[in-house]
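Q: Residue numbers for the first sequence follow this note's numbering, so the first one is 4 and each next one is one higher.
Glycine included, every Cβ here is placed at the ideal spot set by N, Cα and C.
Since we're looking at a predicted model, the values are computed, not measured.
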Amino acid sequence: MKEPDAIKLFVGQIPRHLEEKDLKPIFEQFGRIFELTVIKDKYTGLHKGCAFLTYCARDSALKAQSALHEQKTLPGMNRPIQVKPADSESRGEDRKLFVGMLGKQQTDEDVRKMFEPFGTIDECTVLRGPDGTSKGCAFVKFQTHAEAQAAINTLHSSRTLPGASSSLVVKFADTEKERGLRRMQQVATQLGMFSPIALQFGAYSAYTQALMQQQAALVAAHSAYLSPMATMAAVQMQHMAAINANGLIATPITPSSGTSTPPAIAATPVSAIPAALGVNGYSPVPTQPTGQPAPDALYPNGVHPYPAQSPAAPVDPLQQAYAGMQHYTAAYPAAYSLVAPAFPQPPALQQREGPDGCNIFIYHLPQEFTDSEILQMFVPFGHVISAKVFVDRATNQSKCFGFVSFDNPASAQAAIQAMNGFQIGMKRLKVQLKRPKDANRPY
DNA sequence: TTTCATT
Numbered sequence: 004m005k006e007p008d009a010i011k012l013f014v015g016q017i018p019r020h021l022e023e024k025d026l027k028p029i030f031e032q033f034g035r036i037f038e039l040t041v042i043k044d045k046y047t048g049l050h051k052g053c054a055f056l057t058y059c060a061r062d063s064a065l066k067a068q069s070a071l072h073e074q075k076t077l078p079g080m081n082r083p084i085q086v087k088p089a090d091s092e093s094r095g096e097d098r099k100l101f102v103g104m105l106g107k108q109q110t111d112e113d114v115r116k117m118f119e120p121f122g123t124i125d126e127c128t129v130l131r132g133p134d135g136t137s138k139g140c141a142f143v144k145f146q147t148h149a150e151a152q153a154a155i156n157t158l159h160s161s162r163t164l165p166g167a168s169s170s171l172v173v174k175f176a177d178t179e180k181e182r183g184l185r186r187m188q189q190v191a192t193q194l195g196m197f198s199p200i201a202l203q204f205g206a207y208s209a210y211t212q213a214l215m216q217q218q219a220a221l222v223a224a225h226s227a228y229l230s231p232m233a234t235m236a237a238v239q240m241q242h243m244a245a246i247n248a249n250g251l252i253a254t255p256i257t258p259s260s261g262t263s264t265p266p267a268i269a270a271t272p273v274s275a276i277p278a279a280l281g282v283n284g285y286s287p288v289p290t291q292p293t294g295q296p297a298p299d300a301l302y303p304n305g306v307h308p309y310p311a312q313s314p315a316a317p318v319d320p321l322q323q324a325y326a327g328m329q330h331y332t333a334a335y336p337a338a339y340s341l342v343a344p345a346f347p348q349p350p351a352l353q354q355r356e357g358p359d360g361c362n363i364f365i366y367h368l369p370q371e372f373t374d375s376e377i378l379q380m381f382v383p384f385g386h387v388i389s390a391k392v393f394v395d396r397a398t399n400q401s402k403c404f405g406f407v408s409f410d411n412p413a414s415a416q417a418a419i420q421a422m423n424g425f426q427i428g429m430k431r432l433k434v435q436l437k438r439p440k441d442a443n444r445p446y
């Protein structure tokens, strides 16, 4: 049994091929383990590279934390292991700050000194690229929200650091949700598609996102062993599967030029995709020259001395997958059309309204969006009977707002739910029900 | 100039 004051620890920077049984020996040396759980993706079961660990005794947790946290690096990882109380133990992530516009040469210590006057700092990390160069920003975690707020009040915009292009930014760090949106944006950018297909990433359900990540990881893990054509087919399937799994797009997808991908692939169950790739059961783990996974015997203490880097590890699988795709599609423009055109252009729609509750108003559209873009942006949510961007009569320029009408209120609600607040560039879309014609505009 | 992840 565990002590009542036991601490649940979060363990990060774990190689994804290590399971509970592999981790146990690493942590058992600090005391009896009450519970050790590798965190897996709730939909895909994919190992997320971290775990929760509770010792029977509080003291064991403290010992493990001081012996391991930031002290050792497990093989294949490029950052040291994290062993610290889980967020659930401290409640609230409202005490973490994002600090932007730092000089490139400032270290964790420099940043810490700047923030120390405002309270007790739990964590202070300058973000760095794989080569160790600063990204010019940092995260600083205080013990309380009030301390963090005090730092914002005093430091935000207070000065311009040497080498920075504008004044210091100090704000609360993005929430999990905001980060998700940001990632989608990055994916969109990497796909080289600002709109409209890329925007649909914003409409993806968590489930679809999870599938995407899994497929991307598989593609990344195996692209080295697959022919370019197979890799591209995998990326295609990833898109198709994502779209179909989302249940939003019913359009049949037919390849428009010769590849080995049969039309039937669009109907392939998602679970069958790894098999279709010929990688079913193949774990995305760097292997030894023998073809066997690295045996535990290589690091009998369970902990490998710093810096133990695997040449295969430090690339983000998503980035790698999409970079690969971009490269491929750049070389074969004809093939590109296979990936994108899930949404054939319907004939131009008349501007007409749906019933009450079926019409939505969209504001903060990018200047370059036309009827076609907003149609494609909202078609995943239902049957669109009208999509109209308003343009200035004199200049023919978009007024950056428009209306979309569905044939039923549920689609309109789904669209609002998914797209309101969706970030495009610096702006977020405002998506709400269109006001009835007779309502006055209060602004 | 937004991270490596928090059941």
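Helix, strand or coil, according to DSSP, for Ile155 in the structure here?
A: Reduced to three states, the DSSP call for Ile155 is helix.
Q: Does the contact criterion of 3 or more C-beta pairs under 8 Å hold for the region 164-173 versus the region 120-135?
A: Contact between the region 164-173 and the region 120-135 is absent, because fewer than three Cβ pairs lie under 8 Å.
Q: For Val41, which of Glu179, Asp25, Arg182 has the nearest alpha-carbon?
A: Of the listed residues, the one whose Cα sits closest to Val41 is Asp25.
Q: Looking at the unbroken alpha helix (DSSP H) that takes in Ser375, where does it start and where does it end?
A: Unbroken alpha helix (DSSP H) run through Ser375: 374-381.
Q: Enumerate in chain order the residues of its own chain whose CB-to-CB distance from Ala213 is below 6 Å, with the five nearest sequence positions on each side excluded.
A: In this predicted model, Ala213 has a pLDDT of only 41, less than 50, meaning its place in the structure is not dependable; the value taken from the coordinates is given anyway. Excluding positions up to five away in sequence, the list reads Asp44, Tyr46, Thr47.
Q: Quick one: complete alpha helix (DSSP H) runs, 4+ long, within the region 63-107?
A: 90-93, all fully within the region 63-107.
Q: What whole-angstrom Cβ distance do Phe364 and Lys437 have, given they're in contact under 8 Å?
A: Right, their Cβ atoms sit about 5 Å apart.
Q: What does a CB cutoff of less than 6 Å around Leu71 pick up in its chain, not counting 5 residues either side in sequence?
A: Contacts found: Ile84, Val86.
Q: Can you have a look at Ile427 and say buried or exposed, based on whether 16 or more other CB atoms are within 10 angstroms of its CB?
A: Counting Cβ neighbours within 10 Å, Ile427 comes out buried, since at least 16 surround it.
Q: Along the chain, which unbroken stretches of the beta strand (DSSP E) at least 3 residues long are found entirely within the region 371-438?
A: If we require 3 residues or more, the beta strand (DSSP E) runs fully inside the region 371-438 come out as 387-394, 401-409, 433-436.
Q: Compare the Cα-Cα distances from Cys140 to each of Glu119, Ala176, Thr157, Arg182 and report the closest residue.
A: Cα-wise, what sits closest to Cys140 is Ala176.
Q: Is it buried or exposed, Lys144, if we count other Cβ atoms within 10 angstroms and call 16 or more buried?
A: Flag for Lys144 reads buried.
Q: Can at least three beta-carbon pairs, one atom from the region 409-421 and one from the region 377-391, be found at a separation below 8 Å?
A: Taking 8 Å as the limit for Cβ pairs, the verdict is that the region 377-391 does touch the region 409-421.
Q: For Phe101, which of Ile155, Val407, Lys66 has the nearest alpha-carbon?
A: The option with the nearest alpha carbon to Phe101 is Ile155.
Q: What do you get for Pro358, buried or exposed, if any count of 16 or more other CB atoms within 10 angstroms of its CB means buried?
A: That one is exposed.
Q: With Ala67 and Ala9 assumed to form a contact (beta carbons below 8 Å), what rounded beta-carbon distance in angstroms separates them?
A: About 12 Å separates the two Cβ atoms, so there is no contact after all.
Q: Report, in whole angstroms, the separation of the C-beta atoms of Gln370 and Ser401, which I expect to be a contact under 8 Å.
A: With a Cβ gap of about 6 Å, Gln370 and Ser401 count as contacting.
Q: Should Gln420 go down as buried or exposed, given a rule of 16 or more other Cβ atoms within 10 Å for buried?
A: Classification for Gln420: exposed.
Q: Would you mind giving the Cβ-Cβ distance between Val129 and Thr157, rounded to the nearest angstrom? I have them listed as a contact below 8 Å.
A: Actually they are not in contact, since the Cβ atoms of Val129 and Thr157 sit about 20 Å apart, beyond 8 Å.
Q: From which residue to which residue does the beta strand (DSSP E) around Arg131 run?
A: First-last of the beta strand (DSSP E) with Arg131: 124-131.
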